[in-house]
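Chains as they are written, first to last, in our numbering: chain A, 1 to 546; chain B, 1 to 278. Quick reminder that beta carbons are idealized off the backbone N, C-alpha and C, glycines included. Just below is one structure, and these are the notes that go with it.
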Amino acid sequence: MNSVLKPVLEIRDLDIALPEGADRKLAVGNLSLDLYPNETLCVVGESGSGKSLLVTAIMGLLPYGTSIARGSIRFDGRSLERITESEYRRIRGSRIAMVFQEPMSALNPVLTVFEQMDEVLRAHGVNDGATRRQRIVELLTAMGLPDPEVLQHAYPFRLSGGQRQRVMIAMALALEPDILIADEPTTALDVTTQKQILELLARIQKEKRLAVLFITHDFGVVADIADRVAVMQHGELVESGPVETVLNQPRHAYTRQLIDAVHGLSREALPPSDNADRPILEVIGVEKTYITHVGMIARRKREVRALDHINLTLKRGETIGLVGESGSGKSTLGQVIVRLLKEDAGVIRFDGEDFSAMSPKRFAQIRPRIQMIFQDPTASLNPRHKIRRILTETQIIHGATPGEALARAREMLDLVRLDHSALDRYPHEFSGGQKQRIGIARALVLQPSLVIADEAVSALDVSIQAQVLELLLEIRKRLKLSMLFITHDLRIAAQVCDRIAVMRRGAIVEFDDSAAVMGNPQHDYTTMLLDSMPGKDWFLKEGRLS
Amino acid sequence: MSALATFSRNKAGMAGAIVLLLFTLIAVFADFISPGDPWRMAGMPNLPPFQGGFLFGTDQLGRDVAAGVVHGARVSLVVGLVSTLFSIVVGVVVGSVAGYFSGFVDDVLMRVTELFQTIPSFMLAIVLVAIFSPSLVSIICAIAVVSWPPVARLVRAEFLSLRTRDFVKAARVGGHSHLNIIFRQILPNTLSPVIVMASLMVATAILLESGLSFLGLGDGNYMSWGFMVGAGRTMIRNAWWLSTIPGLAIFLTVLALNLFGQGLSDLMNPRLARRRQG
């Protein structure tokens, strides 16, 4: 059908130049792409692939210093790179609309939903107030938002992440655009919410016969929503074509790598852990409630049950996955186990010893044996310290001589495959994946027996994610580590964990061997999580998902 | 080295730095530039500038105004620097402890800070100097006492955001002591805004000292710019130079400090740094 239709957006030989001194000359090089009416085109790439700059170029919002060096973007018979700013303003929002990744920062926090949508309509010439009011309610209803009459007068912070994203989509569609650009619209959302938003976008696209340009890094999402796919790497288009062709017969090695990241590593069976041995960690009936006080004078208490009677036993050398959506309490449990937080009730035994019965001195001895790997590789390294200090300081506190500490730091850098020259550099000189390796080295340099990995790969690009996961698996085997792996992503948990505990609203709803949880879930919520995994249908059909 | 090079490209900041350097040299070599006691009578009273061999003229008692300005630079700069140093130390300690521990400790420390902030600072300084009798030490202490609260607020705010960062959690999981985390992990990350604030506080301290001396609450043993402005104010109609020239000295120093502080602030702002490169 595409051969008969005329594209709504034609990008030809596009070069986007970066300012001098950037790591490469062109953010986007020699890119040609067509977008047809009534189709969803997914542009897939990782951070630094130039996909976001491509979008800003189409919207005419290129940041200071970058510019279109060559080529053209044709829309509706006009070359967008040549029109004036005031002409652009008439196109932006009304003809080409956009949905952003982070719905909280894209909505103005001090205006209600109604006020923000009203402003969009008014700015584009819908002058009659009654018409505007009617349109807003219609749009919010079409987005599947509950009780739009009431919800339209709410401020953004009152809405959930999914609701905010629905409001963003409603605003984007308010003026019936020809093109909807969605820049990673579901990346910041939980999987179950992501599924709903993807379904909503797919439905709207069909109803309005929209042309949707969907930016993502996740081939699972691509399999769910795309008609055609374009894969970008380092600013260049490496592969494009209909979704079935690209998924079934990827031609480019990079495309294969991205697709592989979805269905995961092939994993060899782990040595059975010794049941007779004393477990490394026992969590018995642990509870934690957050109490926040609202209001200045008449203080009201708000209680959130973060952990509700948690029982968990981690055997020596075992890895347990703690899976749940945001607010499920999985991170709280991790922080309670490393003693960053204290439980309200219950017992935690580490290697047979009760934490709460320990003297501060005994606890100080145990401290280095429980370590943590953090989510954000940038925030987890002190920006003012060189890697040498980051890797040795804590060892010296625990009694190592500077010489010993340095020797172990070197050993750990070898283990995480970083060069020894890293010691004399600052964190900002490393890439995200490298920083995460340093974070892992810092945790392991103390020779812990238990490691808590809190979303350790979530902030990384999918191809880097695979490398770091492989590294973690290898290290775990070599050092016989026990690990608690906290993640929101069942796909990742299934790759690295022996057993998986699914958490919801502070409670463990299902706890079983990984294969059992993935293959034969017992709890409805686990089933729902599994169903929400993007691209599940396609990958199941291919028989590539265990 | 590169920071120095970048700073030298900021014209206003450089101008401020040069003027400051000039005043510092004058203060250090005051006895050399203008030997002898600045309080002694040097010539005929009320000589206008450039007459009788006096650059800035003489006052109603025949004292050399130029000598007063040169020696007054000492008091102004010493009071400015030392009181700022004190208030930075107090502010940093209070702010970092409050921000790091938060909760009850934070509540107590911040209420104390607010107590100081709600009293007009100049009034409090006057009262303190009056009670402890005017001397260089009591003036410095009084200025330090009224100037630390904003530092504490700033440092606390920085700590509140930094303490939740993962690298602080990592240090806690690693078993670092609270003291170590506060002073060796977090504090170095808060220093850029504190240094900028300090440069501006020196200016405020100089103004406070001038104000106190103007009201006759200066140290009688030392010539200071504020005293000169105060002593000359009754003669403003027939001997304008008596207040104007030391007033100009105060104005120039404070302006230079502000320019210098602004330059430092631009230098330490990473976002501006990126724009400079771009």
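Asked                                                                                                                             : Found
C-beta atoms of A:S449 and A:I280 nearer than 8 angstroms                                                                         : yes
Collapsed DSSP secondary structure at B:G53 in the structure displayed                                                            : coil
Chain B within 8 angstroms of A:H398, Cβ atoms only                                                                               : yes
Partners in chain A for B:F29, counting only beta-carbon separations shorter than 8 angstroms                                     : Chain A residues near B:F29: none, gap ~38 angstroms exceeds 8 angstroms.
Candidates B:S177, B:A73, B:G62, B:I186: closest to B:L252 by CA position                                                         : B:A73
C-beta neighbour in chain A for B:A5, strict 8 angstroms                                                                          : no
Own chain partners of B:P45 with C-beta closer than 8 angstroms, once the 5 adjacent residues on each side are dropped            : T58, D59, Q60, L61, G62
Rounded separation between A:R267 and A:A515 - CA only                                                                            : Reliability of the predicted coordinates at A:R267 is poor, the pLDDT of 49 falling under 50, and no value is obtained from them.
Inter-residue CB distance, B:G247 and B:A239 (contact presumed, cutoff 8 angstroms)                                               : Not confirmed; about 13 angstroms, so no contact.
A:P383, buried or exposed, once every other Cβ within 10 Å from all chains shown has been counted against 16                      : exposed
Inter-residue spacing [alpha-carbon to alpha-carbon] between A:V286 and A:F350                                                    : 14 angstroms
Cβ-based neighbour list, B:K11, same chain, cut-off 7 angstroms, excluding 5 preceding and 5 following                            : none
Members of the stretch 170 to 183 of chain B that neighbour chain A once the beta carbon cut-off is set at 9 angstroms            : A170, A171, R172, V173, G174, G175, H176, S177, N180
CB of B:T68 within 8 angstroms of CB of B:P38, strictly                                                                           : According to the sequence displayed, residue 68 of chain B carries Gly and not Thr. Their beta carbons are under 8 angstroms apart, which means B:G68 touches B:P38 by this criterion.
Alpha-carbon to alpha-carbon, A:R499 and A:L323                                                                                   : Correcting the residue identity first, residue 323 of chain A is Val in this sequence and not Leu. Roughly 11 angstroms separates the two Cα atoms.
Buried versus exposed call for B:M123 [16 or more other C-beta atoms within 10 Å across all chains shown]                         : exposed
CA-to-CA distance, B:E158 to B:V97, given in whole angstroms                                                                      : 12 angstroms
Euclidean distance between Cα positions of B:A163 and B:L215                                                                      : The residue you asked about is not Ala; residue 163 of chain B is Arg in the sequence shown. Their backbone Cα atoms lie some 45 angstroms apart in a straight line.
CB contact below 8 angstroms: A:F374 versus chain B                                                                               : yes
Close beta carbons around A:P148, own chain, < 6 angstroms, minus the five adjacent residues each side                            : V137, L140, T141
Beta-ladder partner(s) of A:I291, from DSSP                                                                                       : A:E303
Beta carbon proximity, B:F167 to chain A, threshold 8 angstroms                                                                   : yes
In chain order, each beta strand (DSSP E) run of at least 3 residues that lies wholly inside the stretch 182 to 244 of chain A    : 211 to 216, 228 to 233, 236 to 242
A:F157, buried or exposed, once every other Cβ within 10 Å from all chains shown has been counted against 16                      : exposed
Proximity test, Cβ basis, 8 angstroms: A:L530 and chain B                                                                         : no
Length-filtered (4 minimum) alpha helix (DSSP H) runs lying within the stretch 93 to 133 of chain B                               : 103 to 118, 121 to 131
A:T394 to A:V28 span [Cα, whole Å]                                                                                                : 44 angstroms
Secondary structure of A:S32, DSSP reduced to three states                                                                        : strand
Straight-line gap, A:H554 to A:I197 (C-alpha atoms, nearest Å)                                                                    : There is simply no residue 554 of chain A to check, as chain A begins at 1 and stops at 546 in what is shown.
Beta-carbon proximity list for A:P242, same chain, < 6 angstroms, skipping 5 on both sides                                        : R228
Any 3 or more C-beta pairs closer than 8 angstroms across the stretch 297 to 317 of chain A and the stretch 247 to 254 of chain A : no
C-alpha gap between A:R70 and A:I11, whole angstroms                                                                              : 11 angstroms
Cβ-based contacts, 8 angstroms cut-off: residues of the stretch 480 to 498 of chain A near chain B                                : none
Interface flag, B:P134 vs chain A, CB-CB below 8 angstroms                                                                        : no
As assigned by DSSP and simplified to three states, the class of A:G321                                                           : strand
contact_flag[the stretch 388 to 408 of chain A, the stretch 483 to 494 of chain A] where n(CB pairs < 8 angstroms) is 3 or more   : no
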